[in-house]
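Sequence lines, in order, name chains B and W.
Counting the first sequence from 1 gives a position; the numbering used here is that position plus 6.
Counting the second sequence from 1 gives a position; the numbering used here is that position plus 149.
Every residue gets a Cβ at the ideal spot worked out from N, C-alpha and C, and that includes glycine.
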Amino acid sequence: MTTIERDLLHTVETDSISAGRHFWGRAALSLSTLWLAASFVLQAAYVSGWITFGFDNWRPVLYAYVLWAIVLCVSRVVLYGEAGKKALFVLPAALFVVAMVVFPLLFALWVGFSDWNLASLTGRKFNGLDNLRRMLSDPFYANALVNMVLYSLAIAVEYAIAFGLALLLSQDIAARKFWRVTFLVPLMLSPVAVSWMVGKSMLETRFGPIARLARWLGWENPSFFGDPLTARLSIMIMDAWTFIPFMMIMLLAGLQALNREVLEAAEVDGATKWQRFWQVIFPLMLPVSVTAVMIRVIFKLKLADIIITVTAGGPGGATDSVTSFIYREYRDRSNVGYGTLLAIIYLIIIVVGMTMLLKVSDRIVRRMTGRL
Amino acid sequence: MVAIDFDKYARGQRLRWWAMRFVVYGLLIAWAIVCMFPLFWTVSTSFKTAADVMKGNLVPWLDFTPSWLGWRSLGLSPDTVFNVSTVREEFMRRLWNSVIMSVAASALAVILGSLAAYGLSRFSYKFGYMRNSDISFFFLSQLIMPPVVLALPFLVLYKELALLDTYVGMIAVYTLMVLPIVIWIMRDQFATVPVELEEAALVDGLSIWGAFLRIIVPLVLPGMVAAFILSMILCWNEYFFAALLTSTNTNTLPVMIASQTGSQGINWWSMAALSTAGILPLVFVGVILEKHIIAGMTAGAVK
């Protein structure tokens, strides 16, 4: 379970584990494992109708898992003494994540290849690759995927604005804390409330202040969610509004951590402001920038609240993100099978895409900082 | 010799300095308006009557006379606050749900996450073939997991486990959601604490858990607060899981806000009052604890 030699914090093992203690530790662990397995098998058999007795729901199995997890943790200490106490730091979180992620993911694979309408009584029907075939001929899913690419590309503009704001805040200005707090506020607001008050009220075509501003600027009939392109833009802007502060704060921290001497050296060497920015500050900021953009991409890929609340995917599914599309797919047809398969495919695309993105950005950072 | 007019040079410099000041503060004010106007609009709309909303009046007392219309419909205006109001009860219940879930989930995530991050930063583990870096990656990779992947399996599993619409179920989901962020922040925190401190504590006779609880936790408390606040903001604003996995019992505020469409259009004033009430707690938290939020967000980003 543990290797002592390479620990950062060395400990001296004093206690020797007696045979009796060892036996009881093993026994408790085996018993609870047995109980977990037995309750699972029993309930599975009951649900599939092989036996006539069982529980109303799967909760006893959950209790068995919790008990097993506790016994596992305790048995580490009983069996391994001091070394076991070290495992106790990581085990609770690991067991929790395994129960909440690994198991549901495996379960998702099982759900994804089935036709399962939660509203009907027929239950789950295995339907092989039907969902996959349906996905490939589903123009709305393809559209949602394309939208995710477009929404992610908008991060470039968000990044530019956030960098600009970070530069502004790092100037020698009065009441810096006030400006920082003010700029941070959008991040704190609930996306749902923002969607209502900004997306539905401020962008209301008759009385919304932004619509009135647009009319004053010469746009005859402002409609922000009428045609696909403006609707997408409106969604992008609203999402950008909430998340720009996040990138701004990270970039600001990066700017403040820059080495003053390098900047002063550039100034002494006679570099103009423009040169200083592009040839010193920007390359030095690349590692921070990459982290900020990556985290931003991760959050962008989860985008859903605003779309669900403001447009519900409209007009005609044009603004759908993958998440909001699957959400509506479930809400309208309560078919969990198809939606789950779409989600799994999305996860695979994300994992592959993010890995590639990390590789590429890593190379760029290395080349840019190497040149400096 | 070329004579240099120093006065003229200095004047030019000063002029440029003033121009720069002007641009900087202009931009600052412009963005501050972009940030604050929606908030102002929300709060002011909650004091408008139907006619004021339709005319798009902006400035209170100048354009329109503030009225308690929106707040009265919520049962929170001065004249209704002591009367019985079903809407207010509903609102208080949702608020309470939001508070319980976000606080419990954040606390649980901070406890689990800190323990894991501490273990990973001090000891080397070997779970099967997984080493420390693998375990760290296993935890942090949860960050890229989009909620939608887990949403439908959770829906089915929770139905089978009778956990739909329960506090325990929602708290578990939210804990899972913020756990990678907590581990990310805390890992950074523990890395800054020198191991010699614990070594000294061990020599003085504390156990590793004793050293952790009595020496390390007080030192990284600011980091834990930062992680807690950030988690709380995320849980408070979460909508997707709440919309799917809760119904009458454990609805949170965002779900209540999202479901406010009456039969005769939208009552903007009550909508605005509800949004304001949902937003303000976090704005206060944000303004007061801004330092911690920033500390949390920048953890691990700047080396």
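*Which residues of chain W have a Cβ atom closer than 9 Å to the Cβ of Lys-91 of chain B, listed in chain order?*
Locating residue 91 of chain B in the first sequence gives position 85, where the first residue counts as 1. Within 9 Å Cβ-Cβ: Ser-356, Ile-357, Trp-358.
*How about Arg-163 of chain W: is its C-beta nearer than 8 Å to some C-beta of chain B?*
Taking the first residue of the second sequence as position 1, residue 163 of chain W is located at position 14. Arg-163 of chain W does not count as touching chain B.
_With a threshold of 8 Å between beta-carbons, can Cys-184 of chain W be considered close to chain B, or not?_
In the second sequence, residue 184 of chain W corresponds to position 35, counting from 1. Cys-184 of chain W counts as touching chain B.
*Closest Cα partner of Ile-332 of chain W within the set W:Thr-214, W:Cys-384, W:Ile-378, W:Val-259*: Taking the first residue of the second sequence as position 1, residue 332 of chain W is located at position 183. Among W:Thr-214, W:Cys-384, W:Ile-378, W:Val-259, the Cα nearest to that of Ile-332 of chain W belongs to W:Val-259.
*List the residues that DSSP assigns as beta-bridge partners of Arg-130 of chain B.*
Locating residue 130 of chain B in the first sequence gives position 124, where the first residue counts as 1. Beta-bridge pairing links Arg-130 of chain B to B:Trp-122.
*Does the beta-carbon of Tyr-69 of chain B have 16 or more other beta-carbons within 10 angstroms, so that it is buried, or is it exposed?*
As a first step, residue 69 of chain B must be located in the first sequence, where it is residue number 63. Its Cβ having fewer than 16 others within 10 Å, Tyr-69 of chain B is exposed.
*Simplified DSSP assignment, three categories, for Phe-61 of chain B*: Counted from its first residue, the first sequence places residue 61 of chain B at position 55. It is coil, neither helix nor strand.
*Are there 16 or more other CB atoms within 10 angstroms of the CB of Asp-368 of chain B, so buried, or fewer, so exposed?*
As a working mapping, residue 368 of chain B is identified with position 362 in the first sequence. Exposed is the call here.
*Three-state secondary structure (DSSP) of Asn-400 of chain W*: Indexing the second sequence from 1 puts residue 400 of chain W at position 251. The answer is coil: DSSP assigns Asn-400 of chain W none of H, G, I, E or B.
*Between which two residues does the alpha helix (DSSP H) containing Glu-210 of chain B stretch?*
Looking up residue 210 of chain B in the first sequence gives position 204. From DSSP, Glu-210 of chain B is part of no alpha helix (DSSP H); its letter is neither H nor E.
*Please report how far the alpha carbon of Asn-386 of chain W lies from the alpha carbon of Ser-251 of chain W, in whole angstroms.*
Looking up residue 386 of chain W in the second sequence gives position 237. Looking up residue 251 of chain W in the second sequence gives position 102. So the two alpha carbons sit approximately 9 Å from each other.
_Any C-beta of chain W under 8 Å from that of Gln-177 of chain B_ = As a first step, residue 177 of chain B is located in the first sequence; it is residue number 171 there, counting from the start. By this cut-off, Gln-177 of chain B is an interface position.
_As an exercise, report each continuous alpha helix (DSSP H) stretch of at least 4 residues that is fully enclosed by the segment 306–355 of chain B, in chain order._
311–316, 328–339
_By alpha-carbon positions, which one of B:Met-362, B:Asn-341, B:Arg-27 ends up nearest to Ala-125 of chain B?_
Translated into positions along the first sequence, residue 125 of chain B becomes position 119. The option with the nearest alpha carbon to Ala-125 of chain B is B:Asn-341.
*How many angstroms separate the CA atom of Thr-237 of chain W from the CA atom of Asp-314 of chain W?*
Indexing the second sequence from 1 puts residue 237 of chain W at position 88. Indexing the second sequence from 1 puts residue 314 of chain W at position 165. At residue 237 of chain W the sequence reads Arg, which differs from the Thr that was named. Spanning the two alpha carbons is a distance of roughly 21 Å.
*Buried or exposed for His-441 of chain W, please, with buried defined as at least 16 other CB atoms from any protein chain shown within 10 angstroms of its CB.*
Residue 441 of chain W sits at position 292 when you count from the first residue of the second sequence. The residue in question, His-441 of chain W, is buried, as its Cβ has 16 or more Cβ neighbours within 10 Å.
*Euclidean distance between Cα positions of Gly-214 of chain B and Ile-437 of chain W*: Within the first sequence, residue 214 of chain B is the residue found at index 208, counting from 1. Within the second sequence, residue 437 of chain W is the residue found at index 288, counting from 1. Distance between the alpha carbons of Gly-214 of chain B and Ile-437 of chain W is about 31 Å.
*Output, in chain order, the set of chain B residues within a Cβ distance shorter than 7 Å of Tyr-388 of chain W.*
Numbered from its first residue, the second sequence carries residue 388 of chain W at position 239. What Tyr-388 of chain W touches in chain B: Pro-197, Val-198, Asp-311.
*Member of W:Cys-184, W:Leu-176, W:Arg-165 whose CA lies at the smallest distance from the CA of Met-244 of chain B*: What you label residue 244 of chain B is simply residue 238 of the first sequence in a count that begins at 1. Among W:Cys-184, W:Leu-176, W:Arg-165, the Cα nearest to that of Met-244 of chain B belongs to W:Cys-184.
*If you draw a straight line from the C-alpha of Met-381 of chain W to the C-alpha of Leu-289 of chain W, how long is it?*
The residue labelled residue 381 of chain W in the question sits at position 232 within the second sequence. The residue labelled residue 289 of chain W in the question sits at position 140 within the second sequence. About 19 Å.
*One or two residues paired with Met-209 of chain W in a DSSP bridge*: Reading the second sequence from its first residue, position 60 is the one you call residue 209 of chain W. Position check: residue 209 of chain W holds Pro in this sequence, whereas Met was assumed. DSSP lists W:Phe-213 as partners of Pro-209 of chain W.
*Enclosing alpha helix (DSSP H) for Met-294 of chain W [first to last residue]*: Indexing the second sequence from 1 puts residue 294 of chain W at position 145. Looking at the DSSP string, Met-294 of chain W is not in any alpha helix (DSSP H), and its letter there is neither H nor E.
*Assumed close pair Pro-302 of chain W, Ala-272 of chain B - CB separation to whole angstroms, cut-off 8 Å*: Here residue 302 of chain W refers to the residue found at position 153 of the second sequence. Here residue 272 of chain B refers to the residue found at position 266 of the first sequence. 54 Å between Cβ atoms; not a contact.
*Which two residues bound the contiguous alpha helix (DSSP H) that contains Ile-330 of chain W?*
Taking the second sequence and counting its residues from 1, one reaches residue 330 of chain W at position 181. Unbroken alpha helix (DSSP H) run through Ile-330 of chain W: 316–340.
*Taking 7 Å as the cut-off, is the CB of Asp-337 of chain W close to at least one heavy atom of the ligand NAP?*
The model depicted lacks the ligand NAP and carries no ligand whatsoever.
*asked:* To the nearest angstrom, how far is the alpha carbon of Ser-247 of chain W from that of Thr-397 of chain W?
replied: Walking along the second sequence from the start, residue 247 of chain W turns up at place 98. Walking along the second sequence from the start, residue 397 of chain W turns up at place 248. Those two C-alpha atoms are separated by around 14 Å.
*Grouping DSSP H, G and I as helix and E and B as strand, with all else coil, what is Ala-168 of chain W?*
Taking the second sequence and counting its residues from 1, one reaches residue 168 of chain W at position 19. It is helical.
*asked:* Could you check whether the segment 246–257 of chain B touches the segment 190–198 of chain B, counting it as contact only if at least three pairs of C-beta atoms, one from each stretch, sit closer than 8 Å?
replied: yes
*For Gly-161 of chain W, count neighbouring Cβ atoms within 10 angstroms of its own Cβ and tell me buried if that reaches 16, exposed if not.*
For this step, residue 161 of chain W is matched to residue 12 along the second sequence. Label assigned to Gly-161 of chain W: exposed.
*Output the boundary residues of the alpha helix (DSSP H) element that contains Asp-201 of chain W.*
Mapped onto the second sequence, residue 201 of chain W falls at position 52. Element bounds for Asp-201 of chain W: 199–204.
*If you count every other CB in all the chains shown that lies within 10 Å of the CB of Gly-224 of chain B, and 16 or more means buried, which is it?*
For the purposes of this step, residue 224 of chain B is taken as residue 218 along the first sequence, with counting starting at 1. Exposed: under 16 other Cβ atoms inside 10 Å.
*With 8 Å as the threshold, decide whether the Cβ of Ile-483 of chain W is near any Cβ in chain B.*
Since the first residue of chain W shown is 150 and the last is 452, residue 483 of chain W is not available in this structure.
*asked:* What would DSSP say about Tyr-278 of chain W, mapped onto helix, strand or coil?
replied: Within the second sequence, numbered from 1, the residue matching residue 278 of chain W stands at position 129. Coil.
*asked:* Would Tyr-274 of chain W pass as an interface residue toward chain B - the criterion being a Cβ-Cβ separation below 8 Å?
replied: Residue numbering aside, residue 274 of chain W sits at position 125 when the second sequence is read from its first letter. With 8 Å as the cut-off, Tyr-274 of chain W counts as an interface residue toward chain B.
_Counted within 10 angstroms of its Cβ, other Cβ atoms place Val-297 of chain W as buried (16 or more) or exposed_ = Against the second sequence, residue 297 of chain W aligns to sequence position 148. Looking at its Cβ environment, which holds 16 or more other Cβ atoms inside 10 Å, Val-297 of chain W is buried.
*Is any beta-carbon of chain B found at less than 8 Å from that of Tyr-267 of chain W?*
Working through the second sequence from its first residue, we reach residue 267 of chain W at position 118. Output row for Tyr-267 of chain W: interface = yes.
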